[in-house]
Every structure is written in structure tokens, then in C-alpha cells.
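In mature numbering (1 follows the signal peptide of the UniProt record, and there is no 0), the protein residues as written are -24 to -1, 1 to 643. Heads up, the beta-carbon is just placed ideally off N, CA and C, and yes, glycines get one too. What follows is one structure encoded as C-alpha cells, with my remarks underneath.
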Amino acid sequence: MRKHLKMKVALLLMTAGFNTVVWADDPAKVVAEGYDKLYENGEITANKLLDLKASALNYYSENGAWPTDITDLAVDGFYYGSYDTMYGTTVSGVEDGNSYILSVDVLKDSVANYVASFMNGTTTDSTVNVQFGLPSQVPVLHSTLSRVDDGDVARNTMETDLHMGGYSITDIDTVTARALVAQRADIQNGYIENIYAQLINAPLANLTTVNSTTVNSDVVNSDRIYASVGVYDNGTRVFSPANLPTKADVGLSNVQNYGATNSYTGNSTTLYATQSAVYNSHVYLKNLKLDKNATAVNADRLDNLDSSSFIRSNAYDAVNANTRWEDNREIRLGSSSDMRLKHDGSNSIIDNYTGNLYLRNLSGGREIYLQGTTSGGQRHTAVMVDSSSYVRARLMYNGSSKLYTESNGVRVSGDMNVTSGDLKVNGQKISKDYVDLGRVMNFSISDSYTGGSSNVYASQRAVTRAYNALNSSKLGKKEKAADSDKLDGIDSSGFVRTSRRINGKSLTSNITITKSDVGLSNVRNYGATNSYTGASTQRYVTQKALNDAYHAAVRGGTKDYRVLYSNISGLNSGDFYLNSSWRGYDEILVLGGNDKKSSIYMFKFTEQEYDLAYDLWRSGGGRLSDFRFQMVKDANYYWNGHFASNTHFSTQHENSVLYQVFGLTYK
């Protein structure tokens, strides 16, 4: 780089002449016009910036690069001085691409604008910024010839005409040219075997001796010869100055008188490219480019992206960035795209088109969670596959287990609520009949013992209260009362004294009373019966027998029919439900028929008869679920089952139809 220093310094001085600063006003004049010391310091700062700019340009000219740090200017001997200003601030510098920026804070916006006006700079508040590009001699260096051979042919190649301005080129070893044009060519003595030239143009050419041969030698080889007095062929003048040949005379009217270059990278429109330039460009493009219709066999990049940015279809790849599939674009897995994943803009969807769909966690002892997020943003687990020591399923509410499987079945934590339908075990509805409590009434319970309801159970507390009330108001069986005027509210006159007699029998000891003693000698000592249909002459009838006899006598009178169930079209099968309890009526009447609906059958039973039949069934170990009571019965048709509740009849078997069920009350 030092070998070109003198030329660079000269060019730099030339450049500095083009960058001479023209100040708007002379500093002395400014002072004279009343500018204060602050502005005088501004001019000093402007001069410092100019010095640093020139130093930075010199640094680039010598080193081909801007200084990494502004202090390098002083370190390398391009600047002598301080970087500090009169304002107590320091000038800084930074490279910005092909340009360099000097910056300094002058503490006042107006002063910054004043300093910037000197430098054609810009301001940011109180900071002055001066930006300048590469030194102008840099392009000049690229257009000058090198004094020595530095290996760069382009540095020793002229790409335009060389004008010497009347001066000479001396001490030339060899001149190789396509054309030699001169007003005078004196070749006094030379060792020239042959002269080969496309053009020799000279008003006077003195060729005294050419290889011991005169100018009239047999060998004169030239495409074109110019002479001041003309050119002669065998003594015949061909051309003369008055009749000079033109390009058209030799068939080159369209050929321009341009120079040639071996470079194929320039933009000149007045230079021909040599064969070497064309060949070099061909080799360059051949090595750089593919043929027009060729396909790249291999490349480092695709669409200017490194190969690692693509997912391989035939190799294991690790993806280290996110990928995104737009709405309704599917990820398809399997040879026939049997599994597909997509988002339709509102929902995420997984579709499986063949076989089973497995969700497997192969990490031993770890779980599978199905989670959801509430409207309040809280995420909870709803379903979990627990794989701690064995695999089981859990159903959860807000992350709390409510149902999970175990070796013996299913365990429920909390309540099990059935809002519709029946809760069944092995197909059998769970009811009070299922647990052998069919005859237990669904009565409420009361703590009071004073009520008279027949549809309310007394609680333990009610019994305790009744016991305590009775116990506190009565005298113990073995206790003795104190003497009083009355016994149980009756004075002594109300009791029989032991001095009295019955039919002459004293009351001081045990006596035997006969019916004759009480005037009942004619009354027979007979038992009682609830039946009024017997023929015994030695039994009395009870109140019940009398009541039954009464109803039997009046049954031929008015009856009240209440519809408990009705299906005029006929129920063909299944359970049926009454609109109220069937209990409490004198009789139940059932109307049915055959499947052809060609006959009507009537069947009656009482509440007592149903309960007797059920008690008989239970006494033999039968279960309610298997009890079959005939609602309709004929030689060939039947409808049987049992009351699962007071309003629900559970049908077991049938081959008939059911029309109506009535509750009868006798009046």
C-alpha cells in the first residue's frame, strides 16, 4: 500500500480543493456583530470537526477502511490533537456502511444549528452530526495505472485514449499496437525483421535501414499504410493526401474506431471486448449458472434457504421452529390418509377412517389427562387414566375424583343422582321391592306424638317424648301412693269396702263369681268369629263379620267406579302406570281381551286378596321381582306381573291386551 502513497497524497490534495469550506461570515465579523463566546467556541468546534474529517479520509485512503475507533486516528498518526471540545464534551465517530459519522454535543440547539451550517451537517437537539462518504480519490485509484506489476492485469490496462498533451514517452522497450499514428516517425536505425501493423499513419516516414534492408524491401506487411506523399504500388500511386482512403473503401464502414479490453465487467460503450474477455465471461457463467432447462442436481440452498430449514420426507428430522397449518388444512397420516388432524376455524378435529383410535402413554407409571378450561380461565381435569401401579379410569369434577374403576367394580365418591329413567342392577330396577321392603310405606317422620295421622311415622324422639310424658304422669306399678282423699280422682265412697258381700259372699277373701251371680245364667260361653258365612250354632260373630255381612247385603246397590288406567285401543305389552294408588278401594276391576280384540274379559280382586297372594309367595322364598299376579285370566289368555309401587304395575308375561283398570267403592 505504501508504494502508491505519493500518488494518493497528490490526489487527496486535489480532492481537498473540491471540498473547500465556504463560511457564511468571517468569525471576526460574527464577533463584531455581537455573537457571544459560545458561538466563537462553535467555530472552533467546526474546525476540529473539519480536521477530524480530513484525518478520517486520509485514514481510509491509506488503509482501505474506516477507523474501528476514532482514537485510531491519533494512534496511527493521522490526527494530532484532542477530541475534547470547549463545551466539556467529546467528539465521537462511528462507521455507517460506506460512510462515516462524526457527532458532538454542543449543549445548545441554536449553537448546534450554527456549527452544522459550517459542515453541511444535521442536528438532533443540541448534537451535531457530520456524515461523509468514501474519499473521492478511491474511485480515482481504480482508474489509474500502477507503476509496478502488482499481479493485477486490470491495473496495467488502459480502457480509454492516453493523451500526453504534447509530452513524450521515453525509454520504451517494446511497442505493441494495432495502429501507430504519428505526424513524424524517424526510425534512424533499428533491428526490425518485419513490420506488422494494422495501420502506420505518418506525414513523413524515414526508414533508413530495416534489418539491412531498405524500405524497398520485398517484405512490407501492413493492413493499411499512410504517407504524406502517397502510396505507390509498382510505381503507381494508389492514394494521396488529396485522395485518402476511407473505412468504406476497405469495407469497414460500420466498424467504430474503439479500443479493446480484456475485462467483461465494465460499462463502457466505446470499448470492444477481446476474445479473452468473452472467453473469461463464458467460463465464469458456465461455472456459476445452470443451463436454461437444466435441473439442479444438488445445491446448498433452495429459495435462498439452507437445507436444514426443510423437513426431509425420507429421513429422521428434528424441527426447531414452529410450523402452522391454515384453517381447514389437514395433517394426514397413513398410506391412505386414514388419520387426519385439522382446525376448521372454530374447532379442532381428529378424524380416523380405519381401525381403532388409540391414545397411549408409554411412559411407565405416568397418566393421561383430558382437561378443560372454564369460562373464568381455570383449567381442570375431567377424565384421567391412572397408571400408577395398575391402569384404571377416573371421572373427575373440577379435578376431584368422583368415580373410578377398581378390581371389584366401580367406586363412587359422592352422590349418584338419576334425573330420568331407572337405576337398575342386572336389568332389575332398584326399588323398595328389590330390597324386600315393598310393604314399607313411604311416609314422612315426625317428632310429635300427639297427632292422629295414619300416614306419618313417629321418630325415636317422638316415642321418647311420649314415654317421658307418660312416665312422669303415672305412678309406678310397684310404687305406693301417699294417703289422699281420692284415688285416681275418686273419693272413698266410690270404692267397695271389704265389709260388703256379693250374694252373701264376703269380699275379705277370694270369691268365685258365676254368671248366675251377675244375672247372666242364660248367656252361653261361646267364642267369636269374623266370618258371617258359617253354620255354627255355638259361635258369636264379631263387629267385622257383621260389617262384612252388611256390605255383602248391600252390594247389590250403588257402586262408585274410579278410572285408574285407560287405553281404549288396548295395551299390547309392557308395564303400565295408574293415575293414583290402587289401594284403599273395596275391589279392583280389570278389563282385558284377546290379541285379536274380539272378546272382553273381566277380572276382580281386593287389596286383601292381592296381599294374601303375595304373602303366600314370600313364605315360599319367592322374590317380588318374580311374583306373577294374574290381572287378566282366561283359558287361553293371560296378563300377569306385580305392583312395583302403588301406581306402577311391572308386567312379566302376557298374550292379551289391557284396556282399563277401575277402583270400586260400594255405597
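Run through the DSSP bridge pairs and tell me what residue i is partnered with.
| i | result |
| --- | --- |
| Tyr502 | DSSP, once it has assigned bridges, lists no residue as partnering Tyr502. |
| Gln514 | According to DSSP, Gln514 bridges with nothing at all. |
| Lys481 | Ile478 |
| Phe552 | Phe625 |
| Glu19 | Note: Glu19 sits in no beta bridge, so no partner. |
| Gly569 | Ile576 and Val633 |
| Lys318 | Ile325 |
| Phe603 | None, per the DSSP bridge assignment. |
| Arg308 | Arg316 |
| Tyr541 | Val637 |
| His618 | Ser626 |
| Gly69 | Leu78 |
| Ser422 | Ala434 |
| Leu547 | Leu634 |
In whole angstroms, what is the alpha-carbon distance linking residue i and residue j?
| i | j | result |
| --- | --- | --- |
| Gly64 | Leu49 | 21 Å |
| Glu71 | Val80 | 15 Å |
| Ser311 | Ile325 | 20 Å |
| Thr299 | Arg308 | 15 Å |
| Ser389 | Asn374 | 14 Å |
| Ala270 | Arg277 | 16 Å |
| Asp27 | Lys84 | 22 Å |
| Ser351 | Asn328 | 30 Å |
| Val82 | Glu19 | 11 Å |
| Asn89 | Ser252 | 56 Å |
| Tyr16 | Asn96 | Reading the sequence as shown, one finds Glu at residue 16 and not Tyr. Going from the Cα of Glu16 to the Cα of Asn96 covers about 18 Å. |
| Asn548 | Val411 | 29 Å |
| Gly227 | Pro221 | 11 Å |
| Asp362 | Arg368 | 5 Å |
| Gly480 | Arg437 | 54 Å |
| Gly53 | Ala32 | 11 Å |
| Tyr577 | Gly569 | 5 Å |
| Tyr366 | Ser339 | 13 Å |
| Thr100 | Gly242 | 41 Å |
| Ser102 | Asp60 | 16 Å |
| Ser396 | Ser407 | 14 Å |
| Leu317 | Asn323 | 11 Å |
| His240 | Met315 | In the sequence as displayed, the identity of residue 240 is Tyr instead of His. In a straight line, the C-alpha of Tyr240 is about 59 Å away from that of Met315. |
| Ser485 | Tyr516 | 34 Å |
So, is residue i buried or exposed, given that buried needs 16 or more other C-beta atoms within 10 angstroms?
| i | result |
| --- | --- |
| Gln140 | Here the sequence assigns Met to residue 140, which means Gln is not the residue at that position. Classification of Met140: exposed, given that the 10 Å Cβ count is below 16. |
| Trp301 | exposed |
| Phe471 | exposed |
| Lys265 | exposed |
| Met607 | buried |
| Arg476 | exposed |
| Ser37 | buried |
| Asn34 | buried |
| Met360 | buried |
| Asp409 | buried |
| Gly639 | buried |
| Arg473 | exposed |
| Gly142 | exposed |
| Thr582 | exposed |
| Thr184 | Residue confidence for Thr184 is low, a pLDDT of 45 falling below 50, so the modelled location carries little weight; the figure read from the coordinates is stated next. Exposed. |
| Val259 | exposed |
| Arg370 | buried |
| Lys13 | exposed |
| Gly69 | buried |
| Val394 | exposed |
| Thr21 | buried |
| Leu281 | exposed |
Determine, for residue i, whether the minimum Cβ-Cβ distance to residues of chain D falls below 8 Å.
| i | result |
| --- | --- |
| Ser285 | No chain D is part of this structure, which consists of one protein chain only. |
Using only the heavy atoms of the ligand SAH, determine whether one of them is closer than 7 Å to the beta carbon of residue i.
| i | result |
| --- | --- |
| Asn612 | Among the ligands in the structure shown, none appear at all, so the ligand SAH cannot be discussed. |
TODO: Determine contact between the segment 382 to 395 and the segment 578 to 596, defined as no fewer than three beta-carbon pairs at a distance below 8 Å.
DONE: Between the segment 382 to 395 and the segment 578 to 596 there are fewer than three C-beta pairs closer than 8 Å, too few to call the two in contact.
Open item on the list: Assess contact between the segment 620 to 640 and the segment 549 to 557, defined as three or more Cβ pairs (one per stretch) separated by less than 8 Å. Is contact present?
Closed with: Flag = yes, the segment 620 to 640 and the segment 549 to 557 touch.
Open item on the list: Give the list of continuous beta strand (DSSP E) stretches no shorter than 3 residues that lie fully inside the segment 211 to 282.
Closed with: 212 to 215, 235 to 237 and 247 to 249, all fully within the segment 211 to 282.
- [ ] Give, in chain order, every unbroken run of the beta strand (DSSP E) that is at least 3 residues long and sits entirely within the segment 21 to 51.
- [x] Taking only runs of at least 3 residues, no beta strand (DSSP E) segment lies wholly in the segment 21 to 51.
Task: the segment 611 to 622 in contact with the segment 631 to 643 per 3-pair CB rule at 8 Å - done: Because the criterion of three Cβ pairs below 8 Å is met, the segment 611 to 622 and the segment 631 to 643 touch.
Open item on the list: Is it the case that the segment 515 to 525 contacts the segment 536 to 549, given that we only count it when at least three CB pairs across the two stretches are under 8 Å?
Closed with: Counting C-beta pairs with one atom in each stretch, the segment 536 to 549 and the segment 515 to 525 have fewer than three that are closer than 8 Å, which means they do not touch.
Task: Runs of alpha helix (DSSP H) wholly within the segment 348 to 419 (minimum 4 residues, chain order) - done: Restricted to the segment 348 to 419, not a single alpha helix (DSSP H) segment is unbroken, complete and at least 4 residues in length.
Open item on the list: I want to know whether the segment 362 to 377 touches the segment 329 to 348 - three or more CB-CB distances under 8 Å.
Closed with: The way I'd put it, the segment 362 to 377 does touch the segment 329 to 348; three or more beta-carbon pairs between them come closer than 8 Å.
Open item on the list: Under 8 Å: do the segment 438 to 455 and the segment 418 to 425 share three or more Cβ pairs, one atom per stretch?
Closed with: Output reads yes: the segment 418 to 425 touches the segment 438 to 455.
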